[in-house]
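Student: What the first sequence shows, in the numbering used here, is residues 134 to 956, in sequence order.
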Amino acid sequence: MSETDVHYDVHAVEEKWLPVWEKLDTFRADDDVVRSGGREKRYALTMFPYPSGDLHMGHAEVLALHDVIARYWRFRGYEVLNPMGWDSFGLPAENAAIRNDEHPATYTYANIETQLASMKRYGLSFDWSRRLHTSDPEYYRWTQWLFLKLREQGLAYRKNSPVNWCPNDQTVLANEQVVDGACERCGAEVTKRELTQWYFRTTAYAQELYDRLDDLQSAWIGKVVNAQRNWIGRSEGAHVTFEVEGHEPMTVFTTRPDTLWGATFMVVAADAALATELVSDDQRQALEDYLVDVRKETDIDRLATDRPKTGVFLGVHATNPVTGEQMPVWASDYVLADYGTGAIMAVPAHDQRDLDFARVMGLPVRRVVDTGEDNPEESGVATTGDGVYVNSGPLDGKSDKAAGISEAIAILERNGHGSGTINFRLRDWLLSRQRYWGAPIPIVHCPVDGEVPVPEDQLPVELPELRGADLKPKGTSPLGAATDWVNVACPACGGPATRDTDTMDTFVDSSWYFMRYVSPHDDTQAFDTELANAWGPIDLYIGGDEHAVLHLLYARFFTKALRDAGLLDWDEPFSAYLSQGKVINNGRKMSKSLGNGVNLGDQLAEFGVDAVRLTLVFASPPEDNIDWADVSPGGSVRFLQRAWRLSGDVTSAPGVDVSTGDVALRKITHKTVHEIAQLLESYRFNVVVARTMELVNATRKAIDSGCGPADPAVREATEAVAILLSLVAPYTAEEMWERLGHEPTVAQAAWPTVDPELLVDESVTAVVQIQGKVRARLEVSPGISESDLEAAALADPAVTKAIDGRQVRKVIVRAPKLVNIVV
RNA sequence: GCCCCGGUAGCCCAACGGCAGAGGCAAUGUGCUCAAACCACAUCCAGUGUGAGUUCGAAUCUCACCCGGGGCACCA
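1) Going by DSSP in three states, Lys-174 sits in which element: helix, strand or coil?
2) Start and end of the alpha helix (DSSP H) containing Glu-148?
3) Roughly how many angstroms separate the alpha carbons of Gly-794 and Phe-772, rounded to a whole number?
4) Specify the secondary structure class of Val-377 as computed by DSSP and reduced to three states.
5) Using 8 angstroms as the threshold, is the C-beta distance between Leu-749 and Val-822 below it?
6) Would you call Gln-881 buried or exposed, if buried means 16 or more other Cβ atoms sit within 10 Å of its Cβ?
7) Taking Cβ to Cβ, would you say Ser-769 is nearer than 8 angstroms to Ala-744?
8) Apply the 10 Å Cβ neighbour rule to Asp-962 and answer buried if 16 or more other Cβ atoms are within range, or exposed otherwise.
9) So, under 8 angstroms CB-CB, Thr-374 and His-578 are touching, yes? Tell me the CB distance rounded to an integer number of Å.
10) Buried or exposed: where does Pro-382 fall if 16 or more other Cβ atoms within 10 Å of its Cβ makes it buried?
11) Throw me the rounded Cβ distance for the Val-789 and Pro-845 pair, which I believe falls under 8 angstroms.
12) In whole angstroms, what separates the C-alpha of Glu-309 from that of Trp-668?
13) Taking the Cβ atom as the reference point for each residue, do Leu-592 and Trp-206 lie within a distance shorter than 8 angstroms?
14) Which residue or residues does DSSP assign as beta-bridge partners of Ser-465?
15) Quick check: the Cα distance between Gln-303 and Val-166, rounded to an integer number of angstroms?
16) Output needed for Asp-642: all residues of its chain with C-beta closer than 6 angstroms, excluding positions within five of it in sequence on either side, in chain order.
17) What's the gap between the Cα of Arg-817 and the Cα of Phe-181?
18) Quick one: measure Cβ to Cβ for Val-401 and Phe-490, integer angstroms, because I've assumed they're closer than 8 angstroms.
19) Starting from the C-beta of Ala-681, find all residues in its chain whose C-beta is less than 8 angstroms away, skip the five residues before and the five after it, and write them out in chain order.
20) Who does Val-521 pair with in a DSSP beta bridge?
21) With a CB to CB cut of under 8 angstroms and the five nearest residues on each side skipped, what residues in its chain are close to Pro-225?
22) I'd like to know whether the C-beta atoms of Arg-799 and Glu-849 end up nearer to each other than 8 angstroms.
23) Measure the CB-CB distance between Pro-588 and Pro-624 and report whether it falls below 8 angstroms.
24) Among Ser-465, Leu-188, Asp-697, Thr-631, which one has its Cα closest to the Cα of Gln-286?
25) Does the beta-carbon of Arg-440 have 16 or more other beta-carbons within 10 angstroms, so that it is buried, or is it exposed?
26) Could you tell me the alpha carbon to alpha carbon distance between Cys-319 and Asn-297, rounded to whole angstroms?
27) Check this for me: beta carbons of Val-946 and Leu-922, under 8 angstroms apart or not?
28) Roughly how many whole angstroms lie between the Cα atoms of Met-217 and Ser-765?
29) Can you find the residues in the same chain that come closer than 6 angstroms, C-beta to C-beta, to Ala-229, ignoring five residues on each side of it along the sequence?
30) Which residues share a DSSP beta bridge with Leu-306?
31) Mind checking Thr-898: buried by the 16 CB within 10 Å criterion, or exposed?
32) Which one of Gly-366, Ile-917, Tyr-176, Arg-942 has the shortest CA to CA distance from Asp-894?
33) Which residues mark the beginning and the end of the beta strand (DSSP E) in which Met-478 is found?
34) Which one or two residues does DSSP pair with Phe-181 in a beta bridge?
35) Measuring only the C-alpha atoms, how far is Gly-720 from Trp-154?
36) Please report the straight-line C-alpha distance between Thr-657 and Leu-683, rounded to a whole angstrom.
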């Protein structure tokens, strides 16, 4: 056997097939077919990349996983929408532009071309005709249009409030972008600033965003559903209203209305407007002083759990609606301005935070639930569990918490002092950014007309040409410096006005890109509603866990908002969601400082595209991390060569009648194809590869020591291997397909038809257990009846010996596989 | 503190409540070779984190605990 028969050149086949595939353009999605319902659709989507340099191992993994399902669906006869694009607005381009004294577009579009070339080489089944970039004016025109659409619906608004501020990036951040008090991107300690900013009213959909998670539970990976649930943070409780002398009544949210009898004071968030409204003249200065201290705190300070409670008395009292008592109203930073109503009723006996505050300030503690534990007033430990109500009027003597809460709510509702309610932790989405490389907010501020939307026919509001040092962060938006751009005539009155100088959070761009893919070149609308309804929602979305709450939640919000705007008829964008694990090395995240980075380009050069893809898919279930030190791309190379070698051994002609082939091998082939289809449906891609390996092993054995290379069953098996392998290793598969005497491309081959008769064995092994331990095996027909199997088992000499004359008390029969005899 | 997910050979991972091992890596041996690589074949290896429970039968279901990973957290 010559060298060339044992190996193929992995790089030569890449060169060979790329232009062929390009020409065949196999993966173009046909809008007409789905529009007419001519074929069932599938929409496969992977989070589009940000163009920072070339692709890395993480991209390689998600792209490989994604391509398996996209190619599989195509084989199964679905019309598949499989687009790719770039999330190309963002800070790294801006920082590069400052560094290199150039325009952010230079860095951005150069990297896009690099990544595009890498993706093509990587052999992916994308429909490149739908490629989009969020930084193109043709795209962000519609981002701006959608912003205005949401504003029309009351879902985008401007307000002044303390916001998260990253002193390093010199921009505000959404709550979701603050992790442990630090900027998610650069790690700088986040501070607060009082600014007027744009928000999307995500809270308007809190209930629906939360409730629909139940439907996503089974088709989304559990931890992401859990993360969203925690982030939205639903709490059941009540609103309770307290009269305040000389003021409007104040309302609080509580999850424990049943402890209202134990409320002894009130606390208002110091930085809430309510505190300033309520404070008496005597106490005004004290509050001002306290606020100075509070504003100095960073989130990191606030997150410290056991720091001492501070606060000031506001000089007013509220009336407890059930006891009639006068309760002092305090301000403190332990109450959050933007959760609930920004004020609480304090029940120190049964809430540790309130108890801590009461003890520092010398406020009364009254126990209203006797849990059998020490009295909190003496112990300093609040009791939060179930117990018997005391000092609680109508609740006294009862002990069921749930019933107590319902009864308290009923009393409040009767008296007009409150009602049951559900509160969410979710906040509105702060979308203004004081940076350059994003979509400008299409609003003009006019001294006469106020906020005026830029008319639709004037969109897009294009970015002014700024570069290099113009973009240096200075705490206000760089766009403000482009005076020619900023100063415009008011669209409403024609008078002098100024443009909004902030740009949108880049998460806005990515909240609707999956809709744009259905009609990416349409210059009359954001997306074609009919096509969006035909293609959507996305049948499988794959991406990283880092977007578990950010992007996925925002995309869900946008989908609901656009549905309510009449632009879509689906409620949830992603029917199934799969998260990809990280590619790590030697137990650690890859990083420059650790020196353990693995370069994708180097891996591709060493092992070839197919082997790298196969390694990533085979290594573990998709959501698990892959430790590159634990896997063997060399092993993948060997396997692929072994599979390929089969195609050279087949001696029967293409189209040979396989029905006369070796039955044993045919059964293996059909069973494997059958099982792999099921595995693919549940995204168990690593097992798919393992099963393909088994088929290769079985075929090898048949050739060498079984039916021989001329048997039609060998051709059938090898063709099946080529088709199965094309999901993961398209170059090897294509090469096999050609050697098997077929025209390119294997991607257009018919998925092997499974013959149900070949899935059934003539005989199966039934195990006979006695007391759950295996004592004998019987070869039986798969159709054997339970009574026949039982009789056969009891007649078996090994079984009678094991029973040893003992009384048979019970026989469990699971024909045809198992008999268990209990003695 | 609350909520999710996981724990199976040296390693990565399989196993509708029914024989714990499919596949791969590593290791060892044999064949091929002048030799090595490649290739082929073979061998080796765990009783499923711990403890209870349910069951004829538990890696699988239930409970508690331990360990690891993730989400939320002064959220009332």
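Where is the CB? At the ideal position from N, CA and C, for every residue including glycine.
Since the structure is predicted, the reported quantities are computational estimates derived from the model, not experimental observations.
Tutor: According to the structure shown:
1) Of the three classes helix, strand and coil, the one that applies to Lys-174 here is strand, per DSSP.
2) Where Glu-148 is concerned, the enclosing alpha helix (DSSP H) stretches over 143-157.
3) Roughly 25 angstroms separates the two Cα atoms.
4) Under the three-state reduction of DSSP output, Val-377 falls in the strand class.
5) One thing to note: Leu-749 has its Cβ no nearer than 8 angstroms to the Cβ of Val-822.
6) Classification of Gln-881: exposed, given that the 10 Å Cβ count is below 16.
7) Against a cut-off of 8 angstroms, the Cβ pair of Ala-744 and Ser-769 comes out as a contact.
8) Since the first residue of the chain shown is 134 and the last is 956, residue 962 is not available in this structure.
9) Not confirmed; about 38 angstroms, so no contact.
10) Classification of Pro-382: exposed, given that the 10 Å Cβ count is below 16.
11) Yes, they are in contact, since the Cβ atoms of Val-789 and Pro-845 sit about 5 angstroms apart, within 8 angstroms.
12) Distance between Glu-309 and Trp-668, taken at the CA atoms: about 30 angstroms.
13) Their beta carbons are not under 8 angstroms apart, which means Leu-592 does not touch Trp-206 by this criterion.
14) BP columns for Ser-465 point to Ala-402.
15) About 49 angstroms.
16) Result list for Asp-642: Phe-222, Thr-267, Thr-276, in chain order.
17) Looking at the two C-alpha atoms, the distance is approximately 23 angstroms.
18) In fact, because the Cβ distance is near 12 angstroms, the residues do not count as touching under 8 angstroms.
19) In chain order, Lys-356, Val-357, Ala-360, Gln-361, Ser-712 place their CB closer than 8 angstroms to the CB of Ala-681, counting only its own chain and leaving out the 5 sequence neighbours on each side.
20) Note: Val-521 is bridge-paired with Asp-503 in the DSSP secondary-structure output.
21) In the same chain as Pro-225, and ignoring 5 residues on each side of it, the C-beta atoms closer than 8 angstroms to its own belong to Tyr-183, Ser-185, Tyr-240, in chain order.
22) With a cutoff of 8 angstroms on beta-carbon distance, Arg-799 and Glu-849 are scored as near each other.
23) Against a cut-off of 8 angstroms, the Cβ pair of Pro-624 and Pro-588 comes out as a contact.
24) Ranking the options by Cα distance to Gln-286, first place goes to Asp-697.
25) Flag for Arg-440 reads exposed.
26) The straight-line gap from Cα to Cα measures roughly 14 angstroms.
27) Yes, Cβ-Cβ distance for Val-946 and Leu-922 is below 8 angstroms.
28) One alpha carbon belongs to Met-217, the other to Ser-765, and they sit about 29 angstroms apart.
29) A distance below 6 angstroms between beta-carbons, with the five flanking residues on each side excluded, links Ala-229 to the following residues of its chain, in chain order: Tyr-240.
30) Beta-bridge pairing links Leu-306 to Asn-297.
31) Result: exposed.
32) Looking at Gly-366, Ile-917, Tyr-176, Arg-942, the one whose alpha-carbon comes closest to that of Asp-894 is Ile-917.
33) Met-478 -> beta strand (DSSP E) spans 476-479.
34) In the DSSP output, where bridge partners are listed per residue, Phe-181 has none listed.
35) Rounded to the nearest whole angstrom, the C-alpha separation of Gly-720 and Trp-154 is 38 angstroms.
36) The alpha-carbon separation between Thr-657 and Leu-683 amounts to approximately 30 angstroms.
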